[in-house]
Each structure stands twice: as structure tokens, then as C-alpha cells.
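Have a look at the structure below before the remarks.
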Amino acid sequence: FFCISIDNIFILTQSIQRDRRLVNEDVESQIGRIVGRVGLAMLLTSVSESIAFFLGALTPMPAVRLFSLHAGMSVLIDFLLQITIFISLITIDQKRTIKNRFDIFCCLQISSTDSNSPYRWKWFKKKSINKNLNSLETSTIKENEINEDNSNEIDGFLYRIFKYNYAPFIMNDYIRPLVIFIFFTWLAASIALIPYVKIGLEQNITMAKDSYMIEYFSALKQYLAVGPPVYFIIKPGK
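In the numbering used here, the protein residues as written are 52 to 289.
Have a look at this one:
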């Protein structure tokens, strides 16, 4: 349940990491501005996922219906926790990084202010720069607005791979038509194979591997694979 809407957390944390605080802007205002920008995407994602699960509750199968109801409610609860408790915790963590404190041992603080110091991490460099920007009275708001192009020094390894390697490769004039061709070929093959898809769900794969029902379903499939079971109910006569 909790892995469904976990992408909202990554959207929020990535937006905070790549954001630049404005002049005389406190942490609470910065977090509020970021949540106002990405909150709608988080809301639409959670609502669409919940609706998809709730539609699954229309099935007559009791197990699937119960699972769909629980999953839909879990996604909504996850969203409420993300916009309340998680935002509060990430605000506290943002204040910790501004004060150059370690993540686990937050009682310890890095006292070095030298940017060339080997004990000063790149993450703390970014936060120290943001803190110093607030003290520059001659700086304008325009110069301190959010600008991802100026944050190359904090780009992560995966970000640089996608930006400088994967994106130019996939946007190549020869690669784009090839990707489109592969996609539509795969789509056509999937549509053609729809009649060969077996309808139903194997009951043994819904059980735990150590369940006693596994042997029952295996024996049922091996010795009684003659069709659905038929029951004759005889009522007592008068």
C-alpha cells in the first residue's frame, strides 16, 4: 500500500533540493512556496490512484474487492501524511542543513566555513551559499529566484547522467523514430496476443509459499483438472 504513492515524496524532496531561497525568506515560507508549486501534482496523483483502486472494488470477488478498498484508503491516508507530518519533518530537516548539522548526529555541527575544507560537504556548501545570500542586502530578488541552471554544483550523479548522456541520446534524430517504431510494434503485438491471454487467476499464487493450501491446489490441479467443481445439495423430504 505504502509504495504506491511514494513518488510524491521524491517529487517534494527533489523540488526542495533544487530550490534557491529568496532574499529574507525563512524556511517555512520556502517550504510553503514549494508545496504550492508541487502540491497540485501530488493531489492529482493520489486522487487518480485512489479512484483506480476504488473502481477495482466493483468486482464481485470478495478478496479483490477488500484489497481495492484498503488500497484506495491507504493511498488517501498516505497523501494526508505527506502534506502534514512529512512536510513538518522536512522543514525541521531543512533548518538542520542550513545550520550545517549532520543528518543522523544532528547534535554535531560543522564549524568550518572554508569552502575548500575537506570536512565541508557539497550539500553543506549549497546550504551555506543559500544562507549567505540572505545576508546580501544589495542583491535583488531577481538574482536569487529559483534557477536550476545555476545549481550545477549540486547535481547528483544520476541527474548528470540523464541530463548530459541519456537525454541527448534519446533525443537524437535517429533514435527518436526508432523508439516510436519499437513502441507501436510492441503495442500491435500486445493487441494481437490479447485473445491468447488466459482469463482467471491461479489460486495458488495468491497464497503464501508455506501455506497448507498450496498442496491442496496442486493436488486439485493434478488429479481433478476436469472443470469447475459441481455440488449437489439435497434437501430433506417431508
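Using N, Cα and C, we set each Cβ at its ideal position, and we do this for glycine too.
- Its Cα nearest to that of Phe137, the residue Gly83 stands out among Leu252, Asn151, Leu209, Gly83.
- Where Thr148 is concerned, the enclosing alpha helix (DSSP H) starts and stops at 138 to 149.
- Closest in alpha carbon position to Ile57, among Glu100, Ile233, Ile250, is Glu100.
- CA-CA distance, Val248 to Gln273, rounds to 22 Å.
- Annotation: Phe268 to Asn255 spans about 6 Å, alpha carbon to alpha carbon.
- Phe220 and Lys150 have their alpha carbons spaced roughly 40 Å apart.
- With a cutoff of 8 Å on beta-carbon distance, Gly107 and Ser119 are scored as near each other.
- Counting C-beta pairs with one atom in each stretch, the segment 140 to 147 and the segment 110 to 128 have fewer than three that are closer than 8 Å, which means they do not touch.
- When the Cα atoms are used, Arg69 and Asp77 turn out to be separated by approximately 16 Å.
- Gly90 sits close to Ile134, with the two beta carbons spaced by under 8 Å.
- For Arg152, the pairing in a beta bridge is given by DSSP as Gln160.
- Relative to the Cα of Asn59, the nearest Cα in the group Ile226, Ile102, Leu109, Leu132 belongs to Leu132.
- Within the same chain, and ignoring the five residues on either side of Ser80 in sequence, no residue has its Cβ closer than 7 Å to its Cβ.
- The alpha carbon of Ala114 has as its nearest neighbour, out of Asn223, Thr236, Met258, the alpha carbon of Met258.
- Given a length threshold of 4 residues, the segment 59 to 97 has no whole run of the alpha helix (DSSP H) inside it.
- In the structure shown, the three-state DSSP call for Phe213 is helix.
- Contact check for Cys158 against Arg147 fails: the beta carbons are separated by 8 Å or more.
- Per DSSP, the unbroken alpha helix (DSSP H) holding Glu266 starts and ends at 264 to 274.
- Residue burial is scored here from C-beta neighbours: Ile85 has at least 16 other C-beta atoms within 10 angstroms and is therefore classed as buried.
- For Phe105, the secondary structure class from DSSP, reduced to helix, strand or coil, is helix.
- Taking a C-beta distance under 8 Å as the contact criterion, Met93 and Phe153 do not qualify as a contact pair.
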